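Beneath this line is the structure, given in structure tokens, with notes to follow.
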Amino acid sequence: MAENFHIKKYCHIKKQTISVNGRILFEDGHQDFSVFIKNAYKILKTTYPKFFKMDNLSKLAFLAADVLLKNENLNEEENNIALIFSNRASSLDTDRKHQAAIENSDEYFPSPAVFVYTLPNICLGEISIKHRLYSENSFFIFDRFNAEYLQLYANSLLRSGKAEKVLCGWVDLDENSYDAFLYLVEKEGEIEHKTEEITRLYNIL
């Protein structure tokens, strides 16, 4: 009989709102994502100075992960939590900004910081550094939210012992349109880690 795993908690960031397990932690009327996410960072008392150097996709992923992990009593040296993230367009939002800088012949000065953040795995790296995560991490590109793939991959990592917990989800951003849904899966929890339950939670807001 296959071992069952459970969703311990989940986070949504969209429509100027941040919630955990359906409970709103932060709301802001700003339509501009940059303003919204900076205000959320301050109100939620996130502490990570490199946050302000990140591109918007990384800020979105980092804050969603931080909300879920900050009260997990993590080890100060090493934590066996895997990351499985996904979206529909990789880091396209930042790629456009980098391309615009290259094409501007009058003010040609492409920022190294912008170029670095054209890689979607950078946001995984920042989360891993902040919370000392040393397990597997992957970032996949799908046409839409793929609950089945997340469920199968996370359960495989847990069954094989490659991770004690897995932080999974969807982190998508295009200018001021954004949608983050992350959840933490482990052995204990009230919600069984099934495709239909993952899809239900994703569609709550």
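In my numbering, the protein residues as written are 894 to 1098. Each residue gets a CB set at the ideal place from its N, CA and C atoms; glycine is no exception. Quick caveat, the model's predicted, so the values are computed rather than measured.
Nearest neighbour of residue i, chosen from the options [CA to CA]
i, options, result
"Glu-1068", "Asp-1036, Glu-1081 and Ser-927", "Ser-927"
"Val-960", "Ala-1056, Gly-1018 and Ala-1073", "Ala-1073"
"Leu-956", "Ile-1084, Lys-1087, Leu-1075 and His-1086", "Leu-1075"
"Asn-1039", "Trp-1063, Leu-967 and Asp-948", "Trp-1063"
"Leu-976", "Leu-1017, Asp-925, Leu-1098 and Ser-1053", "Leu-1017"
"Glu-1057", "Lys-935, Asn-968 and Asp-1036", "Asn-968"
"Glu-970", "Ser-1021, Ser-1053 and Asp-1036", "Ser-1021"
"Thr-1125", "Arg-916, Asn-964 and Gly-1054", "Because the chain here runs from 894 to 1098, residue 1125 falls outside it and cannot be looked at."
"Leu-937", "Phe-1032, Tyr-1027, Tyr-1095 and Leu-962", "Leu-962"
Reduced DSSP category for residue i - H, G, I as helix; E, B as strand; rest coil
i, result
"Ile-1022", "helix"
"Asn-972", "strand"
"Glu-920", "strand"
"Ile-930", "helix"
"Asn-1030", "strand"
"Asn-949", "helix"
"Glu-896", "coil"
"Tyr-1095", "helix"
"Lys-902", "strand"
"Glu-965", "coil"
"Glu-1085", "strand"
8 Å Cβ cutoff met for residue i and residue j
i, j, result
"Asn-914", "Asp-921", "no"
"Glu-1089", "Lys-901", "no"
"Ser-1070", "Ile-1034", "no"
"Ser-912", "His-905", "yes"
"Ile-974", "Leu-1060", "yes"
"Leu-1050", "Glu-1079", "no"
"Glu-1041", "His-899", "no"
"Arg-1037", "Arg-1093", "no"
"Leu-918", "Leu-1066", "no"
"Ser-951", "Glu-1019", "yes"
Nearest-angstrom Cβ-Cβ length linking residue i and residue j, presumed shorter than 8 Å
i, j, result
"His-1024", "Asn-972", "6 Å"
"Leu-1043", "Ile-1091", "6 Å"
beta-carbon residue i near the ligand MG non-hydrogen atom, thresh 7 Å
i, result
"Asn-966", "Absence of the ligand MG from the depicted structure is noted, as is the absence of any ligand whatsoever, leaving it without description."
Pick out the complete beta strand (DSSP E) segments inside the stretch 1032-1078, 3 residues or longer, and give them in chain order. Listed in chain order, they are 1058-1067.
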